[in-house]
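Step one of this worksheet: look at the structure below.
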Amino acid sequence: MREYIPYSRPSISDEEVKDVIEVLESGWLSKGPKSAEFEEMLKEELGVKYVVAVNSCTAALHLALISLGIGPGDEVITSPFTFCASANVIAHVGAKPVFVDIKEDDYCIDASLIEQYITPNTKAIMPVHYGGGACDMDLIVKIAEKHSLKVIEDTAHGLYARYKEIPLGTMGDVGAYSFYATKNITTGEGGALVTNNKELADKARVMSLHGMSKNAWNRYNKSGSWAYDVLYAGYKYNITDIQSAIGINQLKKLDGFQNRRLEIVAKYHQAFSQVNGIKLLQEVPDNRHAWHLYTLQLMDDKLGVDRDELIELLANKNVGTSVHFIPLHLQSYYQNTYGYKQGDFPKAEKVFEGLLSLPLYPSLTDDEVDYIIKSVLDILLV
Ligand SMILES: *Cc1c(COP(=O)(O)O)cnc(C)c1O
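For the sequence shown, the residue numbers in my numbering are 62 to 443.
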């Protein structure tokens with residue numbers, strides 16, 4: 062049998078290794094000059110005024126809520142079809158995550174349903190750009206303006222994606238990117254808050270480092286002063302220069318990574334768009350997709366194999382897969398705390414039931430992609 066093909070595998074090469082060693086030998090390991098350089102590069106890539114690099118997308122989302130003043134008693138509208146971090150941070154600030162069902166074509170929040178969930182307590186909408194495809198931002202921003210709500214974009218999957226040529230995370234008030242090991246670029250762990258709002262960026266920057274008025278680099282470098290003031294009880298969310306050294310090299314390779322992702326997606330599309338009973342993620346022609354995920358949705362039992370069986374049979378053939386996501390309203394915490402229950406969001410449930418994600422990353426070889434395709438077809442078309 063051939064070697065196991067993992068669901069995900071980061072693309073790290075000599076440049077990352079060399080630059081990490083350089084940082085390790087430089088005498089400055091925490092957030093410093095490398096992180097400033099990484100932030101500048103992200104600003105350029107996203108065409109955004111302010112970037113605060115932090116230690117995860119979860120931290121960026123949390124800082125976004127805090128910096129917008131969202132807290133106890135408030136409600137934030139989001140998708141149930143996301144990673145738990147999106148809603149966990151809403152719970153962290155004492156607000157309530159209000160879920161709105163998704164669309165069956167792109168698995169993003171159904172913006173046409175949002176208004177019926179708005180109450181006097183609603184403070185923000187958090188669209189999650191599923192799999193690297195953009196949510197319906199024109200409508201979401203319009204609804205937000207009409208009801209004076211903030212927009213926090215969860216862009217964990219969305220680096221490289223565009224909504225009508227606009228980078229994700231820059232259409233609302235604030236966006237949150239992830240550089241987790243499985244994402245389109247990685248720093249091991251890492252994230253970034255992006256915004257065009259100076260006040261918000263300043264608050265987030267201060268909150269990301271203990272609520273202190275000066276960051277450590279400014280305190281400890283030669284021209285820096287020892288003095289600082291604690292303005293808030295902040296968090297320890299900063300990125301490090303070790304991570305940023307990886308991120309700088311990853312960002313330089315983004316276009317190349319995405320080209321390879323597109324080649325793999327084209328191969329998958331060609332193989333699977335023919336198969337009756339499989340539904341693929343729909344692309345919106347005006348938008349540029351980041352193809353973070355490649356999903357298959359098994360639509361009916363005509364295939365004779367359900368999702369769980371397909372995952373197991375693929376594992377037997379040494380192909381790793383994953384599921385994005387188990388809807389949050391089916392998770393114990395969200396049921397026990399907010400009273401969500403099975404049946405609340407039928408589209409999210411239906412999609413979840415048949416959904417799996419195939420390996421999709423730049424270092425997949427053509428041979429591996431062909432093997433994955435053959436394995437899926439062998440199982441489904443026996
Ligand atoms: C990965 C992910 C996050 C969290 O990212 P971290 O950097 O691991 O904190 C948030 N939202 C979504 C949709 C994700 O997939």
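Every residue gets a Cβ at the ideal spot worked out from N, C-alpha and C, and that includes glycine. Because the structure is a prediction, the values reported are computed rather than measured.
Anticipated Cβ contact below 8 Å, residue i with residue j, distance rounded
{"i": "glutamate 165", "j": "proline 188", "result": "17 Å between Cβ atoms; not a contact."}
{"i": "tyrosine 65", "j": "glycine 381", "result": "7 Å"}
{"i": "lysine 328", "j": "valine 430", "result": "5 Å"}
{"i": "leucine 229", "j": "threonine 216", "result": "4 Å"}
C-alpha distance - residue i paired with residue j, whole-angstrom precision
{"i": "phenylalanine 413", "j": "glutamine 396", "result": "17 Å"}
{"i": "serine 140", "j": "leucine 374", "result": "30 Å"}
{"i": "alanine 306", "j": "glutamate 101", "result": "13 Å"}
{"i": "leucine 341", "j": "serine 173", "result": "22 Å"}
{"i": "proline 423", "j": "glutamate 77", "result": "16 Å"}
{"i": "isoleucine 163", "j": "cysteine 169", "result": "5 Å"}
{"i": "glutamate 206", "j": "aspartate 234", "result": "11 Å"}
{"i": "threonine 356", "j": "serine 286", "result": "52 Å"}
Of the residues the options, the one placed nearest residue i, counting alpha carbons only
{"i": "glutamine 358", "options": "Lys259, Ala376, Ser393, His385", "result": "His385"}
{"i": "serine 209", "options": "Ala152, His153, Val137, Ser147", "result": "Val137"}
{"i": "proline 481", "options": "Lys435, Leu438, Gln343, Ser418", "result": "Since the first residue shown for the chain is 62 and the last is 443, residue 481 is missing from the structure and cannot be characterised."}
{"i": "aspartate 199", "options": "Gln392, Thr183, Met232, Ser334", "result": "Met232"}
{"i": "asparagine 337", "options": "Leu438, Arg266, Val150, Asn182", "result": "Leu438"}
{"i": "isoleucine 179", "options": "Leu441, Val161, Met268, Gly193", "result": "Val161"}
{"i": "leucine 122", "options": "Tyr296, Gln311, Thr183", "result": "Tyr296"}
{"i": "alanine 185", "options": "Lys211, Ile204, Asp197", "result": "Lys211"}
{"i": "glutamine 335", "options": "Ile434, Gly400, Leu391, Tyr399", "result": "Ile434"}
{"i": "glycine 317", "options": "Ile151, Tyr399, Ser72", "result": "Ser72"}
Contact test: residue i Cβ vs ligand 2 heavy atom, cutoff 6 Å
{"i": "valine 189", "result": "The ligand content of the structure shown is limited to ligand 1, which means ligand 2 is not among them."}
Heavy atom of ligand 1 within 6 Å of residue i beta-carbon
{"i": "serine 117", "result": "yes"}
{"i": "serine 436", "result": "no"}
{"i": "threonine 382", "result": "no"}
{"i": "serine 269", "result": "no"}
{"i": "phenylalanine 413", "result": "no"}
{"i": "glycine 252", "result": "yes"}
{"i": "phenylalanine 144", "result": "yes"}
{"i": "tyrosine 432", "result": "no"}
{"i": "tyrosine 394", "result": "no"}
{"i": "alanine 114", "result": "no"}
{"i": "aspartate 362", "result": "no"}
{"i": "alanine 217", "result": "yes"}
{"i": "serine 418", "result": "no"}
{"i": "tyrosine 241", "result": "yes"}
I want to know whether the segment 333-352 touches the segment 217-233 - three or more CB-CB distances under 8 Å. yes
Does the segment 233-249 come within contact of the segment 114-132, defined as at least 3 CB pairs closer than 8 Å? yes
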